[in-house]
Amino acid sequence: MTTEIEIAKQKRKAARATYSKTVNKLQEILAAESPDVDDLEIHLDQLTEKFNTSYE
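Numbering-wise (the working numbering), the sequence shown opens with residue 56 and increments by one.
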């Protein structure tokens, strides 16, 4: 049986993984010669949404 603490730990771990992937993607976009602002906004929005839902 999974406890609330274990569930919270799993959510934090998932949020960290998502954050890391998104930061890496943003760094790739920024490293491009002409980053697309729309791409940056989409990834930032996704990161914010996933982070917020992970802690609800």
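We treat Cβ as the ideally placed atom computed from N, Cα and C, and that holds for glycine.
Through-space distance from E104 to K76, alpha-carbon basis: Working through the sequence shown from its first residue, we reach residue 76 at position 21. Working through the sequence shown from its first residue, we reach residue 104 at position 49. Approximately 14 Å between the Cα atoms of the pair.
Can you give the Cα-Cα distance for I60 and F106, rounded to whole angstroms? Numbered from 1 along the sequence shown, position 5 holds the residue referred to as residue 60. Numbered from 1 along the sequence shown, position 51 holds the residue referred to as residue 106. Roughly 18 Å separates the two Cα atoms.
Do you know whose CA, among T58, T57 and K66, lies nearest T108's CA? Translated into positions along the sequence shown, residue 108 becomes position 53. Among T58, T57 and K66, the Cα nearest to that of T108 is on K66.
What is the DSSP secondary structure of A87, counted as helix, strand or coil? Here residue 87 refers to the residue found at position 32 of the sequence shown. Assignment of A87 by DSSP, reduced to helix, strand and coil, places it in the coil class.
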